[in-house]
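**Student:**
2 protein chains.
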Amino acid sequence: MLIKSVISYKEALEIVKKHFKPNISEVSLINSLNKICGEDIKALISLPYFKSSAMDGYAVRAEDVRGASETNPIILRLVDKEEIDEGEAKKVFTGSPLPENADSVVMKEFCREDNELVEVYKTVFKGENVREIGEDVKKGELILKKGDKIRGFHLALLSSLGVRKVKVYDLTFGIINTGDELIELEEFNINKLNHKIVNSNLFLLSGLINELGFNYKYYGIVKDDPEKLKDVIKKAIDEVDSLIITGGTSVGERDYSVKVAKELGTLLIHGVNTRPGKPFAFSLIKDKPVFLLSGYPVALLTQFELFIYRLITKRKKVKLPLSRGVASELGRLDLLRVKVYDKVEPLRIGGSGIISSLIKSDGYLLIPENVEGYEKGEEVEVYLW
Amino acid sequence: MLIKSVISYKEALEIVKKHFKPNISEVSLINSLNKICGEDIKALISLPYFKSSAMDGYAVRAEDVRGASETNPIILRLVDKEEIDEGEAKKVFTGSPLPENADSVVMKEFCREDNELVEVYKTVFKGENVREIGEDVKKGELILKKGDKIRGFHLALLSSLGVRKVKVYDLTFGIINTGDELIELEEFNINKLNHKIVNSNLFLLSGLINELGFNYKYYGIVKDDPEKLKDVIKKAIDEVDSLIITGGTSVGERDYSVKVAKELGTLLIHGVNTRPGKPFAFSLIKDKPVFLLSGYPVALLTQFELFIYRLITKRKKVKLPLSRGVASELGRLDLLRVKVYDKVEPLRIGGSGIISSLIKSDGYLLIPENVEGYEKGEEVEVYLW
Numbered sequence: 001m002l003i004k005s006v007i008s009y010k011e012a013l014e015i016v017k018k019h020f021k022p023n024i025s026e027v028s029l030i031n032s033l034n035k036i037c038g039e040d041i042k043a044l045i046s047l048p049y050f051k052s053s054a055m056d057g058y059a060v061r062a063e064d065v066r067g068a069s070e071t072n073p074i075i076l077r078l079v080d081k082e083e084i085d086e087g088e089a090k091k092v093f094t095g096s097p098l099p100e101n102a103d104s105v106v107m108k109e110f111c112r113e114d115n116e117l118v119e120v121y122k123t124v125f126k127g128e129n130v131r132e133i134g135e136d137v138k139k140g141e142l143i144l145k146k147g148d149k150i151r152g153f154h155l156a157l158l159s160s161l162g163v164r165k166v167k168v169y170d171l172t173f174g175i176i177n178t179g180d181e182l183i184e185l186e187e188f189n190i191n192k193l194n195h196k197i198v199n200s201n202l203f204l205l206s207g208l209i210n211e212l213g214f215n216y217k218y219y220g221i222v223k224d225d226p227e228k229l230k231d232v233i234k235k236a237i238d239e240v241d242s243l244i245i246t247g248g249t250s251v252g253e254r255d256y257s258v259k260v261a262k263e264l265g266t267l268l269i270h271g272v273n274t275r276p277g278k279p280f281a282f283s284l285i286k287d288k289p290v291f292l293l294s295g296y297p298v299a300l301l302t303q304f305e306l307f308i309y310r311l312i313t314k315r316k317k318v319k320l321p322l323s324r325g326v327a328s329e330l331g332r333l334d335l336l337r338v339k340v341y342d343k344v345e346p347l348r349i350g351g352s353g354i355i356s357s358l359i360k361s362d363g364y365l366l367i368p369e370n371v372e373g374y375e376k377g378e379e380v381e382v383y384l385w
Numbered sequence: 001m002l003i004k005s006v007i008s009y010k011e012a013l014e015i016v017k018k019h020f021k022p023n024i025s026e027v028s029l030i031n032s033l034n035k036i037c038g039e040d041i042k043a044l045i046s047l048p049y050f051k052s053s054a055m056d057g058y059a060v061r062a063e064d065v066r067g068a069s070e071t072n073p074i075i076l077r078l079v080d081k082e083e084i085d086e087g088e089a090k091k092v093f094t095g096s097p098l099p100e101n102a103d104s105v106v107m108k109e110f111c112r113e114d115n116e117l118v119e120v121y122k123t124v125f126k127g128e129n130v131r132e133i134g135e136d137v138k139k140g141e142l143i144l145k146k147g148d149k150i151r152g153f154h155l156a157l158l159s160s161l162g163v164r165k166v167k168v169y170d171l172t173f174g175i176i177n178t179g180d181e182l183i184e185l186e187e188f189n190i191n192k193l194n195h196k197i198v199n200s201n202l203f204l205l206s207g208l209i210n211e212l213g214f215n216y217k218y219y220g221i222v223k224d225d226p227e228k229l230k231d232v233i234k235k236a237i238d239e240v241d242s243l244i245i246t247g248g249t250s251v252g253e254r255d256y257s258v259k260v261a262k263e264l265g266t267l268l269i270h271g272v273n274t275r276p277g278k279p280f281a282f283s284l285i286k287d288k289p290v291f292l293l294s295g296y297p298v299a300l301l302t303q304f305e306l307f308i309y310r311l312i313t314k315r316k317k318v319k320l321p322l323s324r325g326v327a328s329e330l331g332r333l334d335l336l337r338v339k340v341y342d343k344v345e346p347l348r349i350g351g352s353g354i355i356s357s358l359i360k361s362d363g364y365l366l367i368p369e370n371v372e373g374y375e376k377g378e379e380v381e382v383y384l385w
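These protein sequence lines are chains A and B, in that order.
Heads up: the first sequence at position 378 corresponds to 378 in our numbering, and the numbers run straight through without jumps.
Heads up: the second sequence at position 46 corresponds to 46 in our numbering, and the numbers run straight through without jumps.
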């Protein structure tokens, strides 16, 4: 695989960043689930926004029941108003708003109601059993950041704050898979195995694109025929926001994808110093970003991760010691599939074609360009799938 | 909160397990994404299922090119048949099936083609640049287990193996949220804050149910009126597989849910020794499982996690040292929200109502019944959201 114009990951990333800018759309809160937040969202109000009781009991002024005990109950007047005065109490339930002037709640277990009076058998401190304003969220607090993946927890909080619409990243990728050896899953016959392989990259990409909350349109398998590929690209580029073409990105006789992308537009990148994923190319066709990715699943995933996923959102990270040393080359960015528990275990399964290494991994470790490797026991950061 | 019949988590789990059994449905591969696998899936074939070239080059018998070097090229006859004989080579591309009798591939960079001959300048070992049968997956290997969450990686591997349909867990929950204080998000007015709160539990549950690949049907907010609640439950129970009712599960004057569930069916659990989540109840109505969960988001999440999520699938785990000690009570199961990086940091945000503690956490730690707590620095297992 001799690509002459290999550039560093950093340089390549700058080029992609400049041209790949997903749309931001506004969707209803419920439809924002699993999408990537496209704005910083701050709380417009505090939560809770009113004082309420955290227990079933009686709202009181703490000073009125100072010294109350089983042997020395204090008697208060039971009222049912929106505020209480000195010597008064109001019956409240969990969640009930606290009446004005009340500052605490005595649990019902420590009170005895008798006609229009309440006997209180226990002292309380100011604020006891009360949910204060802003206890959960303070007005102005940052709730979600641009690039955060929106989960059920976020929906719960945003709805509590009255947020009805959220801006999310939005994009439709066109997918074109190239290769004479490919067939559709429907064409596969387990009883007549031949030398064809199922176009599994469509499925891999569908999962990755779904994780970003994006959509895709599939343009099928294109055989190794540059004219046919041109036709499909020309049709697709008008219908989608960005294009992903897999296969044929190296420099062999049958590697047409990059040549075609160059003829139809402006090829900005061909070859990046990463392992795996070196035969990455990036082109503009009708001003739309076109990603030319490897046909090998592990290389494809790596390229998607490094040039698409990481531009939109972040994966959760943990830092743990390595179970064995790993080596890399200066100037090259390595992405290592790893298993994680109490240690980080780099998987010993080589080859960009080994899909099973993905399902066996929990995430990945990056060895940056300026690092020659890590030693056994060294603590390293792992990004979890 | 005095529930008389509190039982242990273990006892409660056994009861729920016995009665809560989601359906298994068969779906097309592409539709199984993000669902929970409902069967063990073994590979019916090896992958790859034919030997192929890993490079562009010439397929040879390694013994024929033994000793080849730049100064001592070995000349082979170029053929184009499905098998080669002694002294023959066949041109191959990456992914091309290997001809019979060939056992290795010399990269094209180390060969010179000349008419019907190939000069080879480099020796290869047997198997070099060849993708062997079963290199990725061996026939009979377990690919997915019942309970695994199906991701893009799995789709890629399953499609490569020719799998077109997958059995997945399938269930529709009915959701009923109770409480006089609740309003729908649409009714919330930021300029007229009153003492009502948005029914955020619907959103929290929608996220959790979505994570399991399940569906839900929302039956709205029911005010604290036992007759109204009965009507809604009677309607819902015929339309769904299982019911989730939130709020009113404790024993206060306005806690009707458990009473109503008892009247309409068989109450099997009321109260479990966990923190949070103690006021958990479980009932059978028309033989369908009914979960009565807390109205407090953190308690609700805990109950969902302990009695629904963990019965269906597993979360990823990491083991890391605690940043500070944590205490619990013997006999009680504690679920602690934690942040994770190089240490496990238990969040200091108390209260079952604090939704923001969920978005700040990366996962949770369980303190089992027979453990009184963990010390600072002790390694603990964290389940990641």
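Even glycine gets a Cβ: it sits at the ideal position worked out from N, Cα and C.
Can you check DSSP and say which residues form a bridge with ARG112/A?
**Tutor:** GLU119/A
**Student:** Compare the C-alpha of ASN273/A against each of ILE183/A, SER257/A, LEU365/A and GLU369/A and name the closest.
**Tutor:** GLU369/A
**Student:** Whole angstroms are fine: how far does the CA of ASN201/A sit from the CA of LEU284/A?
**Tutor:** 22 Å
**Student:** For a contact defined as C-beta to C-beta under 7 Å, what are the partners of ALA327/A on chain B?
**Tutor:** In chain order: nothing, as chain B lies at least about 21 Å away.
**Student:** Which residue wins for smallest C-alpha separation from ASN215/A, given the options ILE7/A, ILE233/A and ASN34/A?
**Tutor:** ASN34/A
**Student:** Taking only three categories from DSSP, how would you classify LYS376/B?
**Tutor:** coil
**Student:** Taking only beta-carbon atoms, is VAL240/B less than 9 Å away from chain A?
**Tutor:** No - not a single Cβ of chain A is within 9 Å of the one on VAL240/B.
**Student:** Nearest-angstrom Cα distance between LYS234/A and LYS91/B?
**Tutor:** Distance between the alpha carbons of LYS234/A and LYS91/B: 33 Å.
**Student:** Using 10 angstroms around the beta-carbon of THR71/A, count the other beta-carbons present and answer buried if the total reaches 16, otherwise exposed.
**Tutor:** exposed
**Student:** Establish whether the CB of HIS19/B and some CB of chain A are separated by less than 9 Å.
**Tutor:** Interface with chain A (9 Å Cβ-Cβ cutoff): HIS19/B is excluded.
**Student:** Using DSSP bridges, identify the partner residues of GLU184/A.
**Tutor:** None; GLU184/A has no bridge partner.
**Student:** With 9 Å as the C-beta to C-beta threshold (strictly closer), list the residues of the stretch 89-123 of chain A near chain B in chain order.
**Tutor:** PHE93, THR94, GLY95, SER96, PRO97, LYS108 and GLU109
**Student:** Is the stretch 223-232 of chain A close to the stretch 259-266 of chain A, with three or more CB pairs under 8 Å?
**Tutor:** yes
**Student:** Quick one: which residues of the stretch 37-51 of chain B get their C-beta closer than 7 Å to a C-beta of chain A? List them in chain order.
**Tutor:** LEU44, ILE45, TYR49 and PHE50
**Student:** Buried or exposed: where does SER257/A fall if 16 or more other Cβ atoms within 10 Å of its Cβ makes it buried?
**Tutor:** buried
**Student:** Output, in sequence order along the chain, the residues in the stretch 307-334 of chain B whose CB is closer than 9 Å to any CB in chain A.
**Tutor:** Hits within the stretch, in order: LYS316, LYS317, VAL318, LYS319 and LEU320.
**Student:** If you follow the alpha helix (DSSP H) that SER413/B is in, where does it begin and where does it stop?
**Tutor:** Residue 413/B lies beyond the stretch modelled for chain B, which goes from 1 to 385, so this question has no answer here.
**Student:** Quick check on HIS154/B - is its C-beta less than 9 Å from some C-beta in chain A?
**Tutor:** yes
**Student:** In the DSSP assignment, the beta strand (DSSP E) including SER28/A goes from what residue to what residue?
**Tutor:** 23-28
**Student:** What residues of chain B sit near PRO279/A, judged by a beta carbon separation below 7 Å?
**Tutor:** Those do not exist, as PRO279/A stays about 11 Å from chain B at its closest Cβ, beyond 7 Å.
**Student:** Closer than 9 Å, CB to CB, is PRO297/B near chain A or not?
**Tutor:** yes
**Student:** So ASP136/A contacts chain B; which residues on that side make the cut at Cβ distance below 9 Å?
**Tutor:** ILE349, GLY351, GLY353, ILE354, ILE355, SER356 and SER357
**Student:** For HIS195/B, name the three-state secondary structure that DSSP assigns.
**Tutor:** coil
**Student:** Measure from the C-beta of ASN129/B to each C-beta in chain A and report whether the shortest distance is under 9 Å.
**Tutor:** no
**Student:** Given 8 Å as the limit, is there contact between the stretch 145-165 of chain B and the stretch 176-193 of chain B, that is, 3 or more CB pairs closer than that?
**Tutor:** no
**Student:** Checking 9 Å against the spacing of the C-beta atoms, do LEU384/A and LYS319/A come in under that value?
**Tutor:** The answer is no: Cβ separation not under 9 Å.
**Student:** Please state whether the Cβ-Cβ distance between SER46/A and GLY127/A is less than 9 Å.
**Tutor:** Taking C-beta atoms as the reference points, SER46/A and GLY127/A fail to come closer than 9 Å.
**Student:** Please determine if the stretch 52-62 of chain B and the stretch 99-114 of chain B are in contact, where contact requires at least 3 C-beta pairs separated by less than 8 Å.
**Tutor:** yes
**Student:** Which residues bound the alpha helix (DSSP H) around PHE203/B?
**Tutor:** 200-211
**Student:** Quick one: Cα of THR123/A to Cα of ALA68/A, how far?
**Tutor:** Roughly 5 Å between the two C-alpha positions.
**Student:** Give a yes or no on whether the minimum CB-CB distance between GLU263/A and chain B is below 9 Å.
**Tutor:** no
**Student:** Rank LEU322/B, LEU336/B and PRO321/B by C-alpha distance to the C-alpha of SER328/B and give the top, closest one.
**Tutor:** Comparing Cα positions, the closest option is LEU336/B.
**Student:** Does the pairing of the stretch 205-213 of chain B with the stretch 136-144 of chain B give three or more beta-carbon distances under 8 Å?
**Tutor:** no
**Student:** With DSSP as the reference, label ILE41/B as helix, strand or coil.
**Tutor:** DSSP places ILE41/B in strand when its eight states are reduced to three.
**Student:** Quick one: is LEU193/A buried, meaning 16 or more other Cβ sit within 10 Å of its Cβ, or exposed?
**Tutor:** By the Cβ-count criterion, LEU193/A is exposed, with fewer than 16 other Cβ atoms from all chains shown falling within 10 Å of its own Cβ.
**Student:** Suppose contacts are defined by Cβ-Cβ distances below 9 Å. Is ILE221/A in contact with VAL290/A by that definition?
**Tutor:** no
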